[in-house]
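J.:
Residue numbers (the numbering used here), protein chains in the order written: chain A, 23 to 138; chain B, 418 to 530.
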């Protein structure tokens, strides 16, 4: 079945530094990928829609200059948290859907970001 | 604004019992309704999904019931097992044209031995 690989699975960084998270679709091509954020015991909140070859679409309230998204190929999207602060600590999850009809959305295993 | 409302927030079921989780939506444009299972520290995994042209879909112990007129759908887990203990999310989207999923708030299920 379709596999979405996310890396790293966890990362600890200091305030003010930047962190890059990768999301890869391993056995399918995905024109569109989605980035979600999840706080403990809460639902997944969509942050942005990543489109291959074009600019990402951000949800209301998500700072595009803070959460930089690059979708350079049909199998890779990256999320960079710039100038991270402790309030950015969260569980970030990407998802992707194959470029064919009726394909379900598959999720990566998430990245636990802790900003100290 | 929560586009998909899910209940209950938490659920405790004895082993062998039936777990029932309910969801409701408002947007009649939604035409794809999946359920995801999430274990702690992991991403959600697709469990089962339904489209509005059928009223029920069953896969093993998992069944989705869909009521289009009431704009409600539910997940039934038959013969619940301790290994089913996880958080379950219902979701809805408009087809598969690249629209993102709208998730419910999740139900934490505990199946006791």
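Backbone N, C-alpha and C fix where the C-beta goes; we use that ideal spot for every residue, glycine too.
Small disclaimer: the values here were computed from a predicted structure and weren't measured.
Under the DSSP definition of a beta bridge, which residues are partnered with residue 429 of chain B?
T.: The partner list for residue 429 of chain B (beta bridge, DSSP) reads B:527.
J.: Take every Cβ of the segment 518-528 of chain B, pair it with every Cβ of the segment 65-82 of chain A, and state whether three or more of those distances are shorter than 8 Å.
T.: Cβ pair count under 8 Å is three or more, so yes.
J.: Name the DSSP bridge partner or partners of residue 53 of chain A?
T.: Paired residues: none, contrary to the question.
J.: Could you list which residues in chain A have their beta carbon closer than 8 Å to that of residue 522 of chain B, in chain order?
T.: Simply 64, 65.
J.: Go ahead and label residue 456 of chain B buried or exposed: buried means 16 or more other beta carbons lie within 10 angstroms of its beta carbon, across all protein chains shown.
T.: That one is exposed.
J.: Tell whether a beta-carbon distance below 9 Å holds between residue 461 of chain B and residue 453 of chain B.
T.: Yes, the Cβ-Cβ distance between residue 461 of chain B and residue 453 of chain B is below 9 Å.
J.: Do residue 43 of chain A and residue 114 of chain A have their CB atoms nearer than 9 Å?
T.: In this structure, residue 114 of chain A lies closer than 9 Å to residue 43 of chain A by Cβ.
J.: Identify the contact partners of residue 506 of chain B in chain A, using a Cβ-Cβ distance below 9 Å as the criterion.
T.: By Cβ distance, chain A contributes 65, 66.
J.: State the CB to CB distance for the pair residue 431 of chain B and residue 529 of chain B, rounded to an integer number of angstroms; the pair is presumed to be in contact (CB under 8 Å).
T.: 5 Å between Cβ atoms; contact.
J.: Using DSSP bridges, identify the partner residues of residue 569 of chain B.
T.: Absent from the model: residue 569 of chain B. The displayed extent of chain B is 418 to 530, so no value can be given.
J.: I want to see whether chain A comes within less than 9 Å of residue 510 of chain B, judged by CB atoms only; does it?
T.: It does; some Cβ of chain A falls within 9 Å.
J.: Name the residues in the segment 452-468 of chain B whose C-beta lies less than 9 Å from a C-beta of chain A; which are they?
T.: Hits within the stretch, in order: 453, 455, 458, 459, 460, 461, 462, 463, 466, 468.
J.: Whole angstroms is fine: what's the gap from residue 74 of chain A's alpha carbon to residue 99 of chain A's?
T.: Each residue's Cα considered, the two are about 8 Å apart.
J.: Between the C-alpha atoms of residue 493 of chain B and residue 447 of chain B, what's the straight-line distance to the nearest angstrom?
T.: Approximately 21 Å between the Cα atoms of the pair.
J.: Which runs of the alpha helix (DSSP H), 4 residues or longer, sit entirely within the segment 38-123 of chain A?
T.: The qualifying runs do not exist here; there are none.
J.: With three or more C-beta pairs closer than 8 Å as the rule, is the segment 102-119 of chain A touching the segment 24-31 of chain A?
T.: With the cut-off at 8 Å, the segment 24-31 of chain A and the segment 102-119 of chain A touch.
J.: Go to residue 461 of chain B, then tell me how far its beta strand (DSSP E) extends in each direction, as first and last residue.
T.: Taken as a continuous stretch (DSSP letters only), residue 461 of chain B belongs to no beta strand (DSSP E), as it is neither H nor E.
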